[in-house]
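**Q** Take the sequence shown: its letters are residues 0 to 54, numbered as in numbering that gives the first Met the number 0.
Take this structure first; my questions come after.
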Amino acid sequence: MLKIKIHVRSVEHRLAVVALSGMINRLASILLRSLIDPKSAMITDQALRGKRSYA
């Protein structure tokens, strides 16, 4: 897991960083569910039906 340390001096900036972190995580979750997950499900289904190799 990648850990990035950022030193923020003011309280306002700290609050902004915390809020931005949540928004970035939400966006990543939406992209995962809408773009990557359906494709991997389709590949898995094809492999189970024998239309695609497992490797």
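For glycine and all other residues, C-beta sits at the position ideal for the given N, C-alpha and C.
#1: Rounded to whole angstroms, what's the CA-CA distance from I23 to D44? Just pull it up for me.
#2: Under 8 Å by Cβ, that's how I've got R32 and I42 pegged, so tell me the actual separation to the nearest angstrom.
#3: Locate the alpha helix (DSSP H) running through K38, then write down its first and last residues.
**A** Quick look at the numbers:
#1: If you draw a straight line from the Cα of I23 to the Cα of D44, it is about 30 Å long.
#2: The pair is not a contact, with the Cβ atoms about 16 Å apart (cut-off 8 Å).
#3: From DSSP, the alpha helix (DSSP H) with K38 extends over D36 to R48.
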